[in-house]
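Colleague: My questions all concern the structure below.
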Amino acid sequence: MVKLVVAAVLTLGSLIGHAQNENKTFNIVAKVANIESNNGIVYYALYDSSERMMQRKATQSQMSSVENGVATVTFNDVAEGDYSIICFHDINDNKQMDFNEMGMPLERYGVSNNRINPYGPPTFSDTKFEVKDTNLTFEIELY
Numbered sequence: 303m304v305k306l307v308v309a310a311v312l313t314l315g316s317l318i319g320h321a322q323n324e325n326k327t328f329n330i331v332a333k334v335a336n337i338e339s340n341n342g343i344v345y346y347a348l349y350d351s352s353e354r355m356m357q358r359k360a361t362q363s364q365m366s367s368v369e370n371g372v373a374t375v376t377f378n379d380v381a382e383g384d385y386s387i388i389c390f391h392d393i394n395d396n397k398q399m400d401f402n403e404m405g406m407p408l409e410r411y412g413v414s415n416n417r418i419n420p421y422g423p424p425t426f427s428d429t430k431f432e433v434k435d436t437n438l439t440f441e442i443e444l445y
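Here you go:
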């Protein structure tokens with residue numbers, strides 16, 4: 303009987319510990335500091351996979367006004383895993399990124415890890431970072 307009670311308590315304890323680990327979330331602060339104009343809005347998207355990034359289905363999205371050349375957002379309650387951030391400065395405030403007739407961006411944009419692909423759109427593998435055990439802060443450069 304005592305062995306049965308001890309086994310039940312140990313099992314329950316391990317399940318509670320496992321449940322607490324699954325619910326562990328973190329915050330990610332994304333800051334853009336090299337903004338040339340206080341006009342417009344900076345839009346941010348957080349992705350948790352290459353597939354979602356290619357489909358433009360953000361895990362979370364945020365936006366921030368620009369004050370003194372700086373825009374900052376916080377992604378809250380982010381679970382452990384790999385993520386990527388893409389942002390752009392919508393200077394004309396039309397709620398979309400503008401492109402020229404060749405498909406090149408007319409508005410400045412940036413990515414986590416500040417790794418811009420000169421031959422095409424940003425990829426998840428080039429821009430990903432790991433969320434594990436701590437909150438994170440990124441300073442993203444606009445290009």
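Count along the sequence shown from 1, add 302, and you get the number used in the numbering used here. Glycine included, each C-beta is placed from N, C-alpha and C at the ideal position. Note that the coordinates shown come from a computational prediction; the quantities given were computed from them, not determined experimentally.
#1: What is the rounded straight-line gap between the Cα of Met399 and the Cα of Thr327?
#2: Looking at C-beta atoms only, is the number of pairs between the region 413–420 and the region 353–362 that lie closer than 8 angstroms three or more?
#3: Buried or exposed: where does Leu253 fall if 16 or more other Cβ atoms within 10 Å of its Cβ makes it buried?
#4: Which first and last residues belong to the beta strand (DSSP E) in which Asp392 is found?
#5: Work out the CA separation of Glu443 and Arg417 for me, nearest whole Å.
#6: Under the rule that 16 or more other beta-carbon atoms within 10 Å means buried, what is Gly383, buried or exposed?
Modeller: Answer, in terms of the structure:
#1: Spanning the two alpha carbons is a distance of roughly 30 angstroms.
#2: No: the two stretches stay apart, fewer than three of their Cβ pairs being nearer than 8 angstroms.
#3: Here the chain has residues from 303 to 445 only, and residue 253 is not among them.
#4: Membership of Asp392 in the beta strand (DSSP E) is indicated by the continuous run 383–392.
#5: In a straight line, the C-alpha of Arg417 is about 9 angstroms away from that of Glu443.
#6: Taking a 10 Å sphere around the C-beta of Gly383, we find fewer than 16 other C-beta atoms and assign the residue as exposed.
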